[in-house]
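So the structure is just underneath, and the comments pick up after that.
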Amino acid sequence: MDVLLLSRLQFAAATYFHFLFVPLTLGLSVLVAVMETKYVRTDDEIYLKMTKFWGRLFLINFAVGIVTGITLEFQFGTNWSRYSAYVGDIFGSLLAIEATAAFFLESTLIGVWIFGWRKLSKKAHAVVMWFIAGASSLSAVWILIANAWMQNPVGYTIRNARAELTDFSAVVFQKMAILEILHTLAAAYILSAFFVMGISAYHLLKKQNVDFFTKSFRLALIFGLIFSIFIIAEGHMHGVGVAEKQPAKLAAMECLWETSEGAPACLLAVPDEKGEKNLLEIGPMPKMLSILAYHDPGAEVKGLKDFPKDERPPVLITAFSFKAMVGLAFYFVLMTVIGWFKRNRLTESPLYLKLMLYSIPLPYLANELGWTLAEVGRQPWIVYGLMKTSDAVSPISASQVLVSFIAFILVYGALGAIGFYLIAKNAKKGPDSTAS
Amino acid sequence: MALQTVWFFLWGLLWAVYFITDGFDLGTGALYLSLGRNEEEKRIILNSIGPLWDGNEVWLITAGGVTFAAFPIVYAVMFSSLYSALMLILFALIIRGVSLEFRNKIEDPRWKKAWDICFFIGSFAPALLFGVAFANIFMGIPINEEGVYQGTLFTLLNPYGLLGGLLFLLLFMMHGSLWLAIKTEGELHENAVRVLHGLWPVLLVVAVTFLVATKFFTGLYDNYIAHPILFVVVLFTVLALLGIKVYSTQKSYWKAWFSSAATIAGATFFGIIGLYPIMLPSSIDAGYSLTAYNSSSSPLTLTIMLVVAVIFLPVVIAYQAWTYNLFKGKVTEEDISHEEAY
């Protein structure tokens, strides 16, 4: 186990873990803000109960999300010092802006929201949650601008033996960043919707607090439906963006080995990376890849064999994570559309409710698969076309990283288990124990 | 004034603000097990920092982020060199954060006791380790010409490093005890006052020792000797330290807390000014040291970041001050009777 592999595993573990909690913070903050706003507008106590119940789950989740993010900011320096030195002129400022513009706001206001029930007017207290929702999304914006730069570096030049910024707005407003932001936020909102729907389904199956959980379910349903449909369309545009800027990733996503005009896609392929072919291709669709990627059935799509072997991403992981994520995306559309038609008679649809309950983990899986695709699909590059991951690692001892990696697994593992246990326990308890 | 110099001092300022804000959170946590003699007292202590600690902690993220943005070479070399110490700090802060949020979620004494210990360790350890880290930064660490660290975690645990750790721990505990004197009443308040008076002479001795040791272990005084007017910083810090005692004796605990904040700021700037323009001295060869000039970002990045800082930092300070004011006053039994309290 060398320092490179250990550092990669550690960063992956830390990021996967952090991203178990971030999407729910992004989406549930919005949902809770809506609930609290409804309370302010209608003065109906049920909305206050909803705010406090879902807010309690939000806070448990928020805490784990916050603390696990701290290590990520510092991990660029600890484990990827060569990367930090080489691209810090561009990348560092994006992280610093994330902290000053967004983290401060969300972390300062969370204390106000938790403790300020009696110190602020009802309206002001609700506004605070909107600010928290906004600040969380803003922090996502900046970190995704940073990631988008890793996927498609723009606005820089090579000077003084490093990458130096030449055009800040090119970095901030590039299409890849916009696509990533829309995609990640939509995915987070879908996860939050399914979280609320799933837990609501649990209580509706037991016919407990039916009005409360029907209202919760329907609020989340609208959210989930809109963004599930949106992400299919946006996901497609994102794929078009990847085709343009990261052709090696595209080829890997579709297991396309030979450069082809009118390239086919298939539902699922099993690649043979050594043999540079596919062992299995299920559901072949002629010309489909050219159509999807370039909106032109005759367009040429570069195959993996046209890239040097050491510039191809791991094909199996890239392809599998892509296909699984897309499959799940369609499932989310299906389940929310069904939900829409059943929205007035949820308690009479136990099968649907059961499915929604068991579907809670699926958007979590989809979110992680998406990140797997984004990051593994970018390999061997840490900055696509500019710097290889293997050249980016810190010149430190592998033993240090082994110790920290084990610590990550243990501490995060325990935290995650406790965090999810507390969320589940409080979710099952229902709103009656949170009397205001 | 060159951009790099502006950023050097802004960088120092961010660390100072972090130590002033999260410093009392960490200090409170370090005193938690001794001052919190029962469930109610423990909860009052937790709720005294409850609304504020998370916003305070972001100053660390910002200090780190700014190190990356303005001085990426320093960020890269410092954080990879101080790897183990930094990892320990980060894990401790993680544990500190979740212990606050998780403790009140289950009504079980063993559950609470476990998080009590976590909260203590998660406060005590970073306080100590920040001191160790910064003392070593003042002294210089063995980095070679490629910025590769030639030591281990234990290299940092040298006498001067440990003295720095002790100093930071005492500064934060003083700061935390003053915070508790302000925010609590009854016996808890009396005990906090007793603790702060007990800490003060120890802090004085350690601070003076540190000032003297700095002459022998570091090159920090070179700047002061070359520009003796700078000794005013040392004087300011000593006066602030005396101010803590004077105001505490008069029972003006807010004034004492501000004196404590000034002491922390003074101590930080004593180091920063002493270092300038070096940011990370190499103990192997002065030529390998990282300075604000050889490790900074491009002028464009520094300029953009300066605009961002000038716009956002005052705004942040304003709304954070607003929250401190929103939650002013003692933490009472009534406060902790509410369901959302820690």
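Protein chains in written order, with my numbering: chain A, 657 to 1092; chain B, 1004 to 1345. We treat Cβ as the ideally placed atom computed from N, Cα and C, and that holds for glycine.
Annotation: Asp1119 (chain B) to Asn1194 (chain B) spans about 19 angstroms, alpha carbon to alpha carbon.
Along the stretch 1083-1101 of chain B, the positions whose C-beta sits under 7 angstroms from a C-beta of chain A are Ser1083, Tyr1086, Ser1087, Leu1089, Met1090, Leu1093, Phe1094, Leu1096, Ile1097, Gly1100, Val1101, read in chain order. Contact holds between the stretch 991-1005 of chain A and the stretch 876-893 of chain A, because three or more Cβ pairs, one in each stretch, are under 8 angstroms apart. In the three-state reduction of the DSSP assignment, Gly895 (chain A) falls in the helix class. Measuring C-alpha to C-alpha distances from Ala1033 (chain B) to each of B:Pro1162, B:Val1009, B:Leu1202 identifies B:Leu1202 as the nearest. Within the same chain, and ignoring the five residues on either side of Thr727 (chain A) in sequence, the residues whose Cβ sits closer than 7 angstroms to its Cβ are Ala670. In the DSSP annotation of this structure, the continuous segment of the alpha helix (DSSP H) that includes Arg697 (chain A) starts and ends at 659-698. Under DSSP, Asp1088 (chain A) shares a beta bridge with no residue. Residue pairing for Asp928 (chain A): DSSP places it in a beta bridge opposite A:Lys933. If the five residues before and after Asn1107 (chain B) are omitted, its C-beta is found closer than 6 angstroms to the C-beta atoms of Tyr1345, all from its own chain and listed in chain order. Assigned with DSSP and collapsed to three states, Arg1099 (chain B) falls in helix.
When the beta-carbon positions are compared, Leu1058 (chain A) and Met806 (chain A) stay at least 8 angstroms from each other. In terms of beta-carbon proximity, Asp1025 (chain B) stays away from the interface with chain A, with every pair separated by 8 angstroms or more. Nearest Cα to Gly725 (chain A) within the set A:Leu1011, A:Trp773, A:Phe667: A:Phe667. For Leu838 (chain A), there is no enclosing beta strand (DSSP E); the residue is part of the alpha helix (DSSP H) that begins and ends at 831-861. Below the 7 angstroms Cβ cutoff, chain A contributes no neighbours of Thr1158 (chain B), its closest Cβ being approximately 12 angstroms away. With fewer than 16 other CB atoms across the displayed protein chains lying within 10 angstroms of its CB, Gly983 (chain A) is exposed. Under the DSSP definition of a beta bridge, Tyr1152 (chain B) partners with B:Ile1146.
For Ser777 (chain A), not one C-beta of chain B is nearer than 8 angstroms to its own C-beta. Not a single CB atom of chain B sits nearer than 8 angstroms to the CB of Ser795 (chain A). Taken through DSSP and simplified to helix, strand or coil, Arg818 (chain A) comes out as strand. Contacts between Gly772 (chain A) and chain B, judged by CB atoms closer than 9 angstroms, involve Pro1054, Thr1326, Leu1329, Phe1330 in chain order. Interface annotation, Gly1134 (chain B): not in contact with chain A, CB-CB separation never under 8 angstroms.
Using a CB distance cut-off of 8 angstroms, Tyr1296 (chain B) does not count as an interface residue toward chain A. For the stretch 1015-1082 of chain A, the full-length beta strand (DSSP E) segments reaching 3 residues or more read 1037-1039 along the chain. By the Cβ-count criterion, Ile1314 (chain B) is exposed, with fewer than 16 other Cβ atoms from all chains shown falling within 10 Å of its own Cβ. If you draw a straight line from the Cα of Tyr1020 (chain A) to the Cα of Tyr1250 (chain B), it comes to about 54 angstroms.
Taking a Cβ-Cβ threshold of 8 angstroms, none of the residues of chain B is close to Phe986 (chain A); the smallest such distance is about 36 angstroms.
Take Val1039 (chain A), set aside five residues on each side of it, and the residues of its chain with a beta-carbon closer than 7 angstroms to its own are Val743, Met806, Pro809, in chain order. Only residues of its own chain outside the window of five on either side were considered, and among them Ile1185 have a CB closer than 7 angstroms to the CB of Trp1257 (chain B), listed in chain order.
Excluding five sequence positions before and after Lys961 (chain A), the CB atoms of its chain that fall closer than 8 angstroms to its own CB belong to Trp913, Glu914, Thr915, Glu932, given in chain order.
Counting along the chain, the unbroken beta strand (DSSP E) around Leu1283 (chain B) starts and ends at 1281-1283. In this structure, the alpha-carbon of Pro1087 (chain A) lies about 27 angstroms from that of Ser793 (chain A).
By DSSP's assignment, Ile722 (chain A) forms no beta bridge with any residue.
With 16 or more other Cβ atoms inside 10 Å of its own Cβ, Arg968 (chain A) counts as buried. Ala876 (chain A) and Phe850 (chain A) have their C-alpha atoms spaced approximately 7 angstroms apart.
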